[in-house]
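Notes follow the structure.
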Amino acid sequence: MWRKIAKYFNRYPKRRKLAQKLLEYGLKVSDNKIYCGEIELSDSKIARAFDVDRRIIADTIKTINDEKDLQKVFFRLKPTCHLKDVATEMSWGVIEIIPEDPSMPGILADVAKVVADAKISIRQAIVDDFEFSEEPRLFIVTEKQVPGTLIPNIRKINGVKAVVMY
Numbered sequence: 043m044w045r046k047i048a049k050y051f052n053r054y055p056k057r058r059k060l061a062q063k064l065l066e067y068g069l070k071v072s073d074n075k076i077y078c079g080e081i082e083l084s085d086s087k088i089a090r091a092f093d094v095d096r097r098i099i100a101d102t103i104k105t106i107n108d109e110k111d112l113q114k115v116f117f118r119l120k121p122t123c124h125l126k127d128v129a130t131e132m133s134w135g136v137i138e139i140i141p142e143d144p145s146m147p148g149i150l151a152d153v154a155k156v157v158a159d160a161k162i163s164i165r166q167a168i169v170d171d172f173e174f175s176e177e178p179r180l181f182i183v184t185e186k187q188v189p190g191t192l193i194p195n196i197r198k199i200n201g202v203k204a205v206v207m208y
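Basically this note's numbering = 1-based index in the sequence shown + 42.
Written as structure tokens, this is what we have:
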């Protein structure tokens, strides 16, 4: 996906950086504005947060508005709540998978099967996109703490390089 989008920004590294951040955070472009869900964000605060000039924001929005393929993506983005950082406060478990090859299919399905076989429900699974995350991970948040006895079973899964549980 990112390669299709990035081609529109290849000549403009700062616009490319901003477009990547919009995707990463699920920030939508609509009506010449940037939104987090239904909340309109100010250009000046976005510029500060991503260390770009406000003109870069306007130029990036214009590029998105001018290209139908970009509109199809950026007009539909939504932010996602990532539960991994609050899991311990809720007495939930977190399994973090570091893949050998993040493009390998089946890792999520195989880890989910190990968890399900242990009679543990999964509350959330989030996978970092390997095209624009330097070190993509799979995060699985479970209804309760996961026993350490599952680590060897998860480590055996094809494509799993390492497992971290917390």
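The C-beta atom is built at its ideal place from N, Cα and C for all residues, glycine as well.
Quick one: complete beta strand (DSSP E) runs, 3+ long, within the segment 115-154? Every beta strand (DSSP E) stretch that sits fully inside the segment 115-154 and reaches 3 residues is listed by chain position as 135-141.
Thinking just about the alpha-carbon of each residue, which of LEU112, ILE140, ILE199, LYS198 is nearest to the one in ARG45? LEU112
Taking buried to mean at least 16 other C-beta atoms within 10 Å of its own C-beta, is THR102 buried or exposed? buried
Three Cβ pairs or more, each shorter than 8 angstroms: is that satisfied between the segment 201-208 and the segment 138-149? Because the criterion of three Cβ pairs below 8 angstroms is met, the segment 201-208 and the segment 138-149 touch.
So, for MET146: in the same chain, excluding its five sequence neighbours on each side, which residues have a beta-carbon less than 6 angstroms away from its beta-carbon? GLY201
GLU173: first and last residue of the uninterrupted alpha helix (DSSP H) it sits in: Premise fails: GLU173 is in no alpha helix (DSSP H) and is neither H nor E.
Report all residues from its chain with a CB closer than 6 angstroms to the CB of PHE51; omit the five preceding and five following residues, and keep chain order. ARG57, ARG58, ALA61
Which value, in whole angstroms, describes the spacing of the CA atoms of ILE245 and CYS78? Residue 245 lies beyond the stretch modelled for the chain, which goes from 43 to 208, so this question has no answer here.
In whole angstroms, what separates the C-alpha of TYR54 from that of ARG97? 12 angstroms
VAL183, DSSP secondary structure in three states: strand
Give the DSSP-derived three-state secondary structure of LEU69 in the structure shown. coil
Answer yes if the segment 169-177 comes into contact with the segment 123-135, meaning at least three C-beta pairs across the two stretches below 8 angstroms, and no otherwise. no
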